[in-house]
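Residue numbers (this note's numbering), protein chains in the order written: chain A, 35 to 704; chain B, 14 to 122.
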């Protein structure tokens, strides 16, 4: 309940703050860039509030937990991106005075077509980046309330669309700044508590280990069709067949996955249907949970009376597994799981593989390693701990992947449409520089925390590596480590921070996407009498609907990987456009167009191939999954070659425009 | 009712100086600004290229840890932030000085 209240508070506070400044949002310039009058410290907080998304709040911890040290390059690149923005782009771009990247493209190079193509990339990057925000919202609501995935997606889409359509950016400058502090407070305060309690109990066991081990006997409900490989000996309780589940329902048991098998509880017989009976009757704590079973199944040793007749039992026992796989085995001697003899409990010795069926439950004894998924991406032991040491088939060439990730995040930041537009809210070039310094400090304060959750997750929630729900690790750790009311409170704080992350980033992205639609793409298509603001509102609602529809299909991708892809596309399209646009006098719209289409196009094709295509291995997999290292050079090359071949197209006013960008402002004298 | 703000991106409504800024002067200014940016950029790029190479190819850091956390984790996860902040602060100071000097030169000319 506490986490739900926390989410509600953040959502309501954001809406109210946005609504309060509603009446200020009047003109286009108010709407899009807060009238250029926001102070550096506030603006920096707002930029960070907008920048720190579900990707780093939830996704980064999940990636660190799965892949280890190599994932720490993400926050390095995310921060370094602001420094290259400062060194090469920020102040000149601010002096130039365009509001968005498409506007800069047209203003600098004089081509309306280039502006439209740029706007197309704003949509591509914006929606690509909205996907993980939607997924973050979906899994957060699902994790906290058990609601279906789509609830959170729709919730965030509705709140953000409303906020953006009726508040504009002035509205959300304050909201974004507020959300930065919510996020950093949530992540750091909870991390400190979890660190003290978590490491206090067990020390830092994550490092120097040969794989993630469970802390106590753990039962892990599995989805069907997962192929897993035992590292240590594990046990599988086969899932119920449909008929068995239906029969149980007639006995008043709706949810077979609710049965718990706790430490020490797994003694005695496991009934043919795969349900533990006898020991449960001996364990008073669990009795209320399983009482109907103990009454339902005869043949368990002694203490209960069967109340249903044997034909029905036969039906339940109708196993979905091949008979040869059924072994009579004992868990005796396996730490924590007690002693169970069963005709249905399946033992997988170390090295054995197994494909799950519906409702299978994997039991990992205390101190044993969690099995790995065949074809899964998890990294164990030294490869997790040591830089660029992965030898996993699904993650080949880790050094290349690392460099490519660094290039994509380092150069992609400047090309993010929702970030660049924020810099226009600075009054002038020097204020823009000050803002970036504050931004880098605020990011550093924040980015040290997500890896802490990843490491703790490795120790306290390794079962997520098997279920694949690592993106939820931040939200689950408080219950695992602290538990009780304290755990609930921490979960509430983290849920509030996570929601602040989705709302702020999604708002910023939605403004950019809606701006590109209403301002750059649909300029001529507006019906007479439609005001700019009204069109912006319509565009915002349409963009939110598209984002929600895409978000519903994003559940199977890692949040922060999706974010990294948005960066890679930005780096391969807008980065060359901005750098060459600011510094190169011979740049032409022909070159810029060639660069956008070749570099951005190649990156997009690579990423869509990974998302939708078949599984690849070796170099093709590495090159496509982290394309920036080759698509950025392609983009620069195409820009330069295209420009040199079209020197007649150099805009006549290049000198004036470069002069405007590079001439320093006079200091304001009071 | 929202008011439409006239804003043609191709128009340059409030250019202040360029009337007197010659091709050569602009060229010189831009070169100085760019050179300064690239000098600081080099520091970052060097770190971003060299550190992964070192970590991938040497075993110096293997098994070394601080309060239980491997040094390599600390280097990547925390060590880059002071460097980036230092570059940002130092560059901003230098470029402000450079631009102030430029304005002074324009005034005295």
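Each residue gets a CB set at the ideal place from its N, CA and C atoms; glycine is no exception. Quick caveat: nothing in here was measured; it's all calculated off a predicted structure.
| Asked | Found |
| --- | --- |
| For chain B, is any of its Cβ atoms less than 7 Å away from the one on residue 685(A)? | no |
| Compare the C-beta of residue 32(B) against all C-beta atoms of chain A and say whether one is closer than 7 Å. | For residue 32(B), the pLDDT reaches just 48, beneath the cut-off of 50, and the residue's location in the model is therefore unreliable, although a value from the coordinates is still provided. Chain A contact via Cβ: absent. |
| Return no unless some Cβ of chain B is closer than 7 Å to the Cβ of residue 196(A). | no |
| Indicate whether at least one CB of chain A lies closer than 7 Å to the CB of residue 99(B). | no |
| Near residue 431(A), what residues of its chain come up, given a Cβ to Cβ distance below 7 Å and the 5 sequence neighbours on each side ignored? | 653 and 656 |
| Span of the alpha helix (DSSP H) holding residue 241(A)? | Neither: residue 241(A) is in no alpha helix (DSSP H) and is coded neither H nor E. |
| Return yes when the Cβ of residue 139(A) is within less than 7 Å of the Cβ of residue 148(A), no when it is not. | yes |
| Give a yes or no on whether the minimum CB-CB distance between residue 85(B) and chain A is below 7 Å. | yes |
| Sorted by chain position, which residues of the same chain lie with C-beta nearer than 7 Å to residue 105(B)'s C-beta, five sequence neighbours on each side aside? | none |
| For a contact defined as C-beta to C-beta under 7 Å, what are the partners of residue 46(B) on chain A? | 696 |
| Would you kindly report the start and end of the unbroken beta strand (DSSP E) that includes residue 118(A)? | Segment 107 to 118 is the alpha helix (DSSP H) holding residue 118(A); no beta strand (DSSP E) there. |
| So that I know if they touch, is there some Cβ in chain A lying closer than 7 Å to that of residue 105(B)? | yes |
| With DSSP collapsed to three states, give me the class of residue 621(A). | coil |
| Going straight from the alpha carbon of residue 99(A) to that of residue 686(A), what length do you get? | 54 Å |
| Note down, in chain order, each residue of its chain lying with its Cβ closer than 8 Å to the Cβ of residue 699(A), except the 5 sequence neighbours on either side. | 129, 462, 463 and 464 |
| Check residue 601(A) in the structure and name its three-state DSSP category. | helix |
| In whole angstroms, what is the alpha-carbon distance linking residue 196(A) and residue 212(A)? | 18 Å |
| Mind listing which residues of the stretch 37 to 61 of chain B have their C-beta closer than 8 Å to chain A's C-betas, in chain order? | 39, 42, 43, 46, 47, 50, 51, 53, 54, 57 and 61 |
| So is residue 471(A) buried or exposed if we call it buried at 16+ other beta carbons inside 10 Å? | buried |
| Specify the secondary structure class of residue 209(A) as computed by DSSP and reduced to three states. | helix |
| Along the stretch 110 to 142 of chain A, what residues have a CB closer than 7 Å to any CB found in chain B? | 110, 113, 114, 117, 118, 120, 121, 122, 132, 137, 140 and 141 |
| In terms of alpha-carbon separation, which member of 90(B), 54(B) and 35(B) lies closest to residue 613(A)? | 54(B) |
| Taking Cβ to Cβ, would you say residue 602(A) is nearer than 7 Å to residue 667(A)? | no |
| Which value, in whole angstroms, describes the spacing of the CA atoms of residue 120(B) and residue 41(B)? | 16 Å |
| Can you pull the chain A neighbours of residue 63(B), defined as C-beta to C-beta under 9 Å? | Those do not exist, as residue 63(B) stays about 12 Å from chain A at its closest Cβ, beyond 9 Å. |
| Taking only beta-carbon atoms, is residue 91(B) less than 7 Å away from chain A? | yes |
| Taking Cβ positions only, does residue 73(B) come closer than 7 Å to chain A? | no |
| Give the residues of chain B in contact with residue 431(A), contact being defined as C-beta atoms less than 9 Å apart. | Simply none; closest approach about 11 Å. |
| Can you give me the Cβ contacts of residue 695(A) inside the same chain, cut-off strictly under 8 Å, excluding the 5 residues immediately before and after it? | 126, 127, 129, 130 and 616 |
| What number of angstroms, rounded off, separates the C-alpha of residue 254(A) from the C-alpha of residue 395(A)? | 5 Å |
| Compare the C-beta of residue 35(A) against all C-beta atoms of chain B and say whether one is closer than 7 Å. | no |
| Could you spell out the range, first to last residue, of the beta strand (DSSP E) harbouring residue 253(A)? | 252 to 255 |
| Name the chain A residues whose beta carbon is nearer than 7 Å to that of residue 68(B)? | 421 and 422 |
| If residue 97(A) sits next to residue 594(A), beta carbons under 8 Å apart, how far is it from one beta carbon to the other, in whole angstroms? | 5 Å |
| Which value, in whole angstroms, describes the spacing of the CA atoms of residue 86(A) and residue 164(A)? | 13 Å |
| Contact criterion: CB-CB distance below 7 Å. Does residue 112(B) meet it with respect to chain A? | yes |
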